[in-house]
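Take the sequence shown: its position 262, counted from the start at 1, is 262 in UniProt numbering, and no numbers get skipped. For glycine and all other residues, C-beta sits at the position ideal for the given N, C-alpha and C. Note that this is a predicted model, so its numbers are computed, not measured.
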Amino acid sequence: MPSAAPTGDLASQVLQALDKSSPLLSAEAFPAAGFTELKAALDRLASRDMVKYEQLERDEAVLEPEGEQIAANGSHEARVFEALRQAVEGLTVQELEKAIGDKNVVKIGQGKAFKEKWIAKTKDGKFQATADAIKDTTQEQMRTIQKTRAYPDAKVLNDLRKRKLVRIQKIYTFKVQKGDKFALEIPEEATDLTFDMIATGAWKTATFKPYNFKALGADQRPGALHPLNKVRAELRQIFFEMGFEEMPTDKCVESGFWNFDTLFVPQQHPARDLQDTFYISDPKLADPPRAEDENDKKDYKKYWENVKAVHQNGKYGSIGYRYPWSGDETLKLVLRTHTTAVSAAMLYKLAHKKGPDGRPPPARYFSIDRVFRNESVDATHLAEFHQVEGVIADYNLTLGGLMEFMEIFFGKMGLTDLKFKPAYNPYTEPSMEIFAYHKGLKKLVEIGNSGMFRPEMLESMGFPPDMRVYGWGLSLERPTMIKYGISNIRELLGHKVDLNFVQSSAAVRLDKA
């Protein structure tokens, strides 16, 4: 007569099972018990020295769905052979697909059947069986694995894994044996020292439950930094290490004056069209530039006239654009299309600072913030994204110096082997696109744009002719996508971002592969 199954909670069941057989394997004694539940019961008993246990693990071969199908119905090649064996005159591909009922089986099976020389193709394009009988080795292998959860030939097993017929999974079990204080009854233990115990003296004879310091706590869901913020923090650190000052970028709405005109972008430029720029409908216009407070002594009216003159008629060695410059057009409010609008305002302030020699002092500025473009959203473009920008103002700067600095700056980001290509920007001359070799894509990819700000822009602000300014920028999204292996920008920014991706993303080091 078979023994009765253990009853009670899992810990009691373990004690009853051990009383009959010690040691035992949990996978055999308690196949339905969950890993966490069983470990908690064993820890409870082990803390009282009632049991001892060790965790064991082994690899087990398990059939994938296609492997299950082969075990039940035969391999693809065997099914193709059997269908053709029954059709004496042969079958076309279409007839074979109809006979078997699965195009994928026919597609895979006919190739393998040809290789085994079980079938051949006739002159009229039909397939015929050429063997009298076959041995379906693949089905036998599937049934062996299905029964034993293993296969003696490691090479064959590895081949079946590559064909995605079998997978290897880890199986965890516990080897449990009686402890020094083994008993069938779990003694009652107090979990708390109460006031009544102290008052009555019951604490002197009470048995207290020991603390289980190995117990797993509840999973915590702490806040997580978005990958963009991680890369942004890394970039900010690079700028600070190189002596840069961060620019204030809290104004997402700018006037056309700061966003375009101060940068020597003509009012007829395509970038100012509705299809490229978001214009504010209410209010539509900004006030003309003016002093920020009573301590601001800069002559904004003169600056306004300088910008107007350099656009209309040219100045500082330039012939300008030769068009009637519109004050209403320049005051239109827009969502900033680049953070260079902030750079322009900062440079204007710098032009009116005085160093020890009475001239504007050298400076280094950077910003990382959102910009807005009226673009169609796709896998690589968004209507809003982040721009990383840096500017260096100093005397007698040269293009060669800019290229050398770019090598240093991008080298700190882990981007080397830079290539420079001439480009055009309205506010920089010369201008260069910057490319770096991408090891994953195995090709050069564009990583940024750079140049030296034009005299029409700088001298309008009040800079002396021998002061030059480097400027460069890149999107924050590009290095983030490269580092995290993201191909669609909408998975990184916007309403389609997966919160699990944010919570599981590791910290980033831009200078590490």
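Assuming Lys121 is part of the beta strand (DSSP E), what are its boundary residues? Numbered from 1 along the sequence shown, position 121 holds the residue referred to as residue 121. Lys121 -> beta strand (DSSP E) spans Ile119 to Lys121.
#### Entry: Host beta strand (DSSP E) of Leu56 (start-end)
Here residue 56 refers to the residue found at position 56 when the sequence shown is read from its first residue. Where Leu56 is concerned, the enclosing beta strand (DSSP E) stretches over Val51 to Leu63.
| task | Select from Ala32, Gly355, Asp9 and Gln55 the residue whose C-alpha is nearest the C-alpha of Pro23. | result | Here residue 23 is taken as the residue at index 23 of the sequence shown, counted from 1. Of the candidates Ala32, Gly355, Asp9 and Gln55, the one whose C-alpha sits nearest the C-alpha of Pro23 is Gln55.
TODO: Could you tell me whether the stretch 457–468 touches the stretch 251–271, using the rule of 3 or more Cβ pairs below 8 angstroms?
DONE: yes
**Message:** Rounded to whole angstroms, what is the Cα-Cα separation between residue 525 and Val93?
**Reply:** Past the boundaries of the shown model lies residue 525; the chain is included only from 1 to 513, so the question cannot be answered.
* To do: List in chain order: all unbroken beta strand (DSSP E) runs of 3+ residues lying wholly within the stretch 241–319.
  => 253–255
According to DSSP, simplified to helix, strand and coil, what is Leu160? As a working mapping, residue 160 is identified with position 160 in the sequence shown. Looking at Leu160 - three-state DSSP - the assignment turns out to be helix.
Rounded to the nearest angstrom, what separates Ala233 and Ile368 at their Cα positions?
Counting from one through the sequence shown, the residue named residue 233 turns up at place 233. Counting from one through the sequence shown, the residue named residue 368 turns up at place 368. Roughly 10 angstroms separates the two Cα atoms.
Please state whether DSSP places Thr194 in a helix, a strand or coil. Residue 194 sits at position 194 when you count from the first residue of the sequence shown. Of the three classes helix, strand and coil, the one that applies to Thr194 here is coil, per DSSP.
Exercise. Is Thr7 buried or exposed, if buried means 16 or more other CB atoms sit within 10 Å of its CB?
Worked result: The sequence position of residue 7 within the sequence shown is 7, counting from 1. Its pLDDT being 44, under 50, Thr7 is placed unreliably in this model, and the value from its coordinates should be taken loosely. Thr7 comes out exposed.
- Query: Once you ignore the five residues that flank Phe257 on each side, which residues in its own chain have a CB closer than 7 angstroms to its CB?
  - Reply: To locate residue 257, count along the sequence shown from 1; it is residue 257. Taken in chain order, the residues that qualify are Pro289, Thr330 and Leu331.
- Query: Is it true that the CB of Phe174 sits closer than 8 angstroms to the CB of Tyr53?
  - Reply: In the sequence shown, the residue the question calls residue 53 occupies position 53. In the sequence shown, the residue the question calls residue 174 occupies position 174. Cβ distance < 8 angstroms, so Tyr53 and Phe174 count as in contact.
Exercise. Based on Cα-Cα distance, which residue from Ala78, Asp196 and Gly401 lies nearest to Ile119?
Worked result: As a working mapping, residue 119 is identified with position 119 in the sequence shown. The shortest Cα separation from Ile119 among Ala78, Asp196 and Gly401 belongs to Ala78.
Problem - Assigned exposure category for Asn425 - 16 Cβ within 10 Å defines buried - result: Looking up residue 425 in the sequence shown gives position 425. It counts as buried.
Original post:
Residue range of the beta strand (DSSP E) that Thr207 falls in?
Top reply: Indexing the sequence shown from 1 puts residue 207 at position 207. It is not in any beta strand (DSSP E) - Thr207 carries neither H nor E in the DSSP assignment.
Open item on the list: Residues in the same chain with beta-carbon distance under 7 angstroms from Gly494, minus the five sequence neighbours each way, listed in chain order, please.
Closed with: Position 494 of the sequence shown holds residue 494. For Gly494, where only same-chain residues beyond five positions count, the Cβ hits under 7 angstroms are Leu382.
Determine the DSSP secondary structure at Asn212, reduced to helix, strand or coil.
Working through the sequence shown from its first residue, we reach residue 212 at position 212. In this structure, Asn212 counts as coil in the three-state DSSP scheme.
Is the distance from the Cβ of Pro227 to the Cβ of Val502 below 8 angstroms? The residue given as residue 227 occupies position 227 in the sequence shown. The residue given as residue 502 occupies position 502 in the sequence shown. Yes; because the gap between Cβ atoms is below 8 angstroms, this pair is in contact.
Note to self: Distance check for Phe35 and Ala190, CA to CA, integer angstroms please.
What the structure shows: Counting from one through the sequence shown, the residue named residue 190 turns up at place 190. Counting from one through the sequence shown, the residue named residue 35 turns up at place 35. Cα-Cα distance, rounded: 27 angstroms.
| Cutoff 8 angstroms; reference Lys164; Cβ partners in own chain excluding five residues on either side | Residue 164 sits at position 164 when you count from the first residue of the sequence shown. Once the five neighbours on either side are set aside, the close Cβ partners of Lys164 are Glu64 and Glu66.
| Over what stretch of residues does the beta strand (DSSP E) that includes Asp394 continue unbroken? | Your numbering for residue 394 matches position 394 in the sequence shown. Unbroken beta strand (DSSP E) run through Asp394: Glu384 to Tyr395.
Margin query: Rounding to the nearest angstrom, what Cα-Cα distance links Ala513 and Gly414 in this structure?
Written below: In the sequence shown, the residue the question calls residue 513 occupies position 513. In the sequence shown, the residue the question calls residue 414 occupies position 414. Annotation note: pLDDT 46 at Ala513 (below 50); position unreliable, coordinate value reported separately. Those two C-alpha atoms are separated by around 7 angstroms.
Handout entry: Gly471 - DSSP class collapsed to helix/strand/coil
Key = Sequence index remark: in the sequence shown, residue 471 carries index 471 (1-based). In the structure shown, Gly471 sits in a strand (DSSP, three-state: E or B).
Q. Distance, Cα to Cα, residue 515 vs Met142?
A. Residue 515 falls outside the range modelled here, since the chain spans only 1 to 513, and no answer is possible.
The alpha helix (DSSP H) enclosing Phe114, as first and last residue numbers: The residue you call residue 114 lines up with position 114 of the sequence shown. Counting along the chain, the alpha helix (DSSP H) containing Phe114 begins and ends at Lys103 to Lys115.
Using a 10 Å radius around the Cβ and a threshold of 16 neighbouring Cβ atoms, would you call residue 520 buried or exposed?
The first residue shown for the chain is 1 and the last is 513, placing residue 520 beyond what the model contains.
Whose C-beta lies closer than 7 angstroms to the C-beta of Ala11 among residues of the same chain, with five residues either side of it excluded?
-> Walking along the sequence shown from the start, residue 11 turns up at place 11. Result list for Ala11: Ala41, Arg44, Leu45 and Ile186, in chain order.
- request: Could you tell me how far apart the beta carbons of Ala341 and Glu456 are, in whole angstroms, since I believe they sit closer than 8 angstroms?
  value: Taking the sequence shown and counting its residues from 1, one reaches residue 341 at position 341. Taking the sequence shown and counting its residues from 1, one reaches residue 456 at position 456. 17 angstroms between Cβ atoms; not a contact.
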